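The block underneath contains the structure these notes are about, expressed in structure tokens.
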Amino acid sequence: MTIAQPASSQPFLLIRNLVKEFDGVRAVNDISLAIDKGEIFALLGSSGCGKSTLLRMLAGFETPTAGAIELAGQDLVGVPPYERPVNMMFQSYALFPHLTVWDNVAFGLRRDGLPKAAIAERVDQMLALVQLGAYAKRKPHQLSGGQQQRVALARSLAKRPQLLLLDEPLGALDKKLREQTQMELVNIIEQVGVTCVMVTHDQDEAMSMATRIAVMSEGRILQVGAPGEIYETPNCRFVADFIGTANMFNGHVRVDQPDHVVVETAECRHYVSHGISGTNNMPVSVAVRPEKIALQRQMPGVEQRASAAEDGYNCVAGEIVNVSYFGSETHYQVRMAQGGILKVARTNAARHEEARMERGQHVVAWWDGSDIVVLTH
Ligand SMILES: Nc1ncnc2c1ncn2[C@@H]1O[C@H](COP(=O)(O)OP(=O)(O)O)[C@@H](O)[C@H]1O
Ligand SMILES: [Mg+2]
Numbered sequence: 001m002t003i004a005q006p007a008s009s010q011p012f013l014l015i016r017n018l019v020k021e022f023d024g025v026r027a028v029n030d031i032s033l034a035i036d037k038g039e040i041f042a043l044l045g046s047s048g049c050g051k052s053t054l055l056r057m058l059a060g061f062e063t064p065t066a067g068a069i070e071l072a073g074q075d076l077v078g079v080p081p082y083e084r085p086v087n088m089m090f091q092s093y094a095l096f097p098h099l100t101v102w103d104n105v106a107f108g109l110r111r112d113g114l115p116k117a118a119i120a121e122r123v124d125q126m127l128a129l130v131q132l133g134a135y136a137k138r139k140p141h142q143l144s145g146g147q148q149q150r151v152a153l154a155r156s157l158a159k160r161p162q163l164l165l166l167d168e169p170l171g172a173l174d175k176k177l178r179e180q181t182q183m184e185l186v187n188i189i190e191q192v193g194v195t196c197v198m199v200t201h202d203q204d205e206a207m208s209m210a211t212r213i214a215v216m217s218e219g220r221i222l223q224v225g226a227p228g229e230i231y232e233t234p235n236c237r238f239v240a241d242f243i244g245t246a247n248m249f250n251g252h253v254r255v256d257q258p259d260h261v262v263v264e265t266a267e268c269r270h271y272v273s274h275g276i277s278g279t280n281n282m283p284v285s286v287a288v289r290p291e292k293i294a295l296q297r298q299m300p301g302v303e304q305r306a307s308a309a310e311d312g313y314n315c316v317a318g319e320i321v322n323v324s325y326f327g328s329e330t331h332y333q334v335r336m337a338q339g340g341i342l343k344v345a346r347t348n349a350a351r352h353e354e355a356r357m358e359r360g361q362h363v364v365a366w367w368d369g370s371d372i373v374v375l376t377h
């Protein structure tokens with residue numbers, strides 16, 4: 001039996017060759033994106049890379065220098081912000097300090113001239129959604145940071161926008177509260193079913209909340225993918241280094257086969273158990289994540305390792321020069337023979353590690369050929 005495929009539909013939000021220049025400098029440099037209905041899409045990048053400028057063009061607060069924005073097939077460029085089916089929540093929340101929680105949420109609805117009864121129903125519904133019904137009569141300063149954030153969210157959702165824009169939505173919260181609020185925020189967005197584009201410089205936030213992430217640098221998008229794709233198969237050195245932690249080795253391709261390649265670097269020979277689009281002797285970088293690396297104490301006369309790769313490959317010797325214990329895991333820094341530092345992360349699955357490793361110990365570190373990412377640019 002064949003299952004009928006749905007006809008490929010237009011993406012919900014389409015951004016085409018978008019450019020924004022300030023005094024001749026390109027803050028957003030030729031960005032194209034297609035975002036589906038119901039996605040939580042994150043723009044991730046360090047400060048100044050153009051995230052907010054892109055978001056502000058979606059909201060209508062900035063006019064693009066060039067390019068197009070279409071929402072559900074409708075051209076948005078030229079449509080003023082208040083006429084777009086779009087709402088933006090700011091990092092500062094921008095709540096009115098003199099208005100109650102209830103009136104803050106009602107504000108936009110009143111301005112739109114909705115009937116009183118409809119406003120009341122909508123506001124109560126929104127406050128229930130963010131679990132602040134009991135706080136309706138309070139003023140913003142009588143709320144915690146997390147509660148203020150939820151009022152701002154309720155206000156942004158009250159007009160039932162088709163597109164919700166969040167600029168560093170949890171930036172004002174401390175770490176513990178942030179993690180809890182990330183999940184709440186995702187739950188609420190999914191309940192409402194609104195499509196969301198969020199901006200963040202915090203990769204944990206992007207990874208835990210987003211369906212897909214665009215990694216930005218200097219006004220451009222380097223890679224778009226699901227969190228797992230971006231982490232496990234970064235497409236360039238910048239993304240590999242920016243997302244999480246990567247051990248990066250620089251060298252040359254020495255064997256180039258369809259099903260495997262060998263990369264030679266100063267530290268070791270890397271047996272990569274997949275082909276790459278490259279040529280023999282081309283310069284490449286090899287990236288290995290710290291948690292993919294196994295560690296064992298060097299013991300003279302004892303068989304050292306049982307890796308899937310052939311012996312002599314994907315393996316370095318070194319000395320532990322730093323140990324950081326985080327409870328759930330321990331991070332090791334291993335100085336390799338050539339002087340470089342290898343970062344290794346091990347999970348503390350058992351309470352009593354029978355062979356705890358300490359600073360000064362000599363170790364062998366190895367990794368699997370399938371855990372290597374080869375980067376050509
Ligand atoms: N209104 C503006 N006038 C001039 N330059 C601006 C303006 N807004 C942003 N920029 C510049 O554009 C670049 C990108 O800024 P922004 O989009 O705020 O970055 P991000 O949100 O990623 O931190 C920065 O170099 C910033 O100084
Ligand atoms: Mg910003």
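The sequence shown: position 198 = 198 (UniProt numbering), numbered continuously.
For each residue, glycine too, the CB sits at the ideal point set by N, CA and C.
In this text the structure is predicted, and so the values were computed from the model without any measurement.
Burial state of residue i, where buried means 16 or more other Cβ atoms lie within 10 Å
i: Asp23; result: exposed
i: Arg178; result: buried
i: His377; result: exposed
i: His270; result: buried
i: Gln10; result: exposed
i: Met88; result: buried
i: Ser144; result: exposed
i: Arg289; result: buried
i: Val255; result: exposed
i: Arg110; result: exposed
i: Asn281; result: exposed
i: Ile341; result: exposed
i: Thr200; result: buried
i: Gln182; result: buried
i: Lys116; result: exposed
i: Lys137; result: exposed
i: Ala306; result: Unreliable positioning characterises Ala306 in this predicted model, as indicated by a pLDDT of 46, which lies under 50. The coordinate reading is nonetheless provided below. Exposed: under 16 other Cβ atoms inside 10 Å.
i: Val25; result: exposed
i: Ala134; result: exposed
i: Gly48; result: exposed
Terminal residues of the beta strand (DSSP E) in which residue i lies
i: Gln223; result: Arg220 to Gly225
i: Gly108; result: Looking at the DSSP string, Gly108 is not in any beta strand (DSSP E); the run it does join, the alpha helix (DSSP H), is Val101 to Arg111.
i: Ala214; result: Arg212 to Ser217
i: Phe90; result: Element bounds for Phe90: n/a, residue is neither H nor E.
i: Leu95; result: First-last for Leu95: undefined, no H or E at that position.
i: Thr195; result: Thr195 to Thr200
i: Leu76; result: Note, Leu76: premise wrong, no beta strand (DSSP E); not H, not E.
i: Arg84; result: Counting along the chain, Arg84 falls outside any beta strand (DSSP E), and DSSP gives it neither H nor E.
i: Glu319; result: Cys315 to Tyr325
i: Leu143; result: Where Leu143 is concerned, there is no enclosing beta strand (DSSP E), given that its DSSP letter is neither H nor E.
Which listed residue (the options) has its alpha carbon closest to that of residue i
i: Arg56; options: Ala72, Asp174, Gly251 and Pro80; result: Pro80
i: Arg359; options: Ala349, Gln338, Ala345 and Gln333; result: Gln333
i: Cys315; options: Lys343, Ser273, Cys268 and Ala350; result: Cys268
i: Leu153; options: Gly108, Leu114 and Lys116; result: Gly108
i: Ser156; options: Gln182, Thr181, Ala172 and Arg122; result: Arg122
i: Glu21; options: Leu33, Pro64, Ser46 and Leu185; result: Pro64
i: Ser52; options: Cys196, Ile35 and Val28; result: Val28
i: Met209; options: Ser46, Gln180, Ala345 and Glu291; result: Gln180
i: Ala266; options: Val323, Phe41, Met336 and Ile243; result: Met336
i: Gln191; options: Lys343, Leu129, Val272 and Asn322; result: Leu129
i: Val105; options: Arg26, Tyr313 and Gln149; result: Gln149
i: Ser46; options: Gly327, Phe238 and Thr330; result: Phe238
i: Val59; options: Asp167, Ala317 and Pro227; result: A small fix is needed here, since residue 59 is Ala in this sequence, not Val. If we check each option's Cα against that of Ala59, Asp167 comes out closest.
i: Lys175; options: Asp202, Pro85 and Ala246; result: Asp202
i: His194; options: Arg356, Phe41 and Val19; result: The displayed chain sequence assigns Val, not His, to residue 194. The candidate whose alpha carbon is nearest that of Val194 is Phe41.
Residues bridged to residue i (per DSSP)
i: Asp256; result: Val261
i: Lys20; result: Val28
i: Val272; result: Val261
i: Arg346; result: Thr330
Start-to-end residues for the alpha helix (DSSP H) that takes in residue i
i: Asp204; result: Gln203 to Met209
i: Arg289; result: Counting along the chain, Arg289 falls outside any alpha helix (DSSP H), and DSSP gives it neither H nor E.
i: Lys358; result: Rather than Lys, the amino acid found at residue 358 in this sequence is Glu. Segment: none, Glu358 is in no alpha helix (DSSP H) and carries neither H nor E.
i: Ala118; result: Lys116 to Leu129
i: Ser52; result: Lys51 to Ala59
i: Arg237; result: Arg237 to Phe242
Ligand 3 heavy atom lying under 7 Å from the CB of residue i
i: Val199; result: Among the ligands in the structure shown, ligand 3 does not appear; only ligand 1 and ligand 2 can be found there.
Starting from the N-terminal side, write out each stretch of the beta strand (DSSP E) that is 3 residues or longer and does not extend beyond the segment 148–180. 163–167
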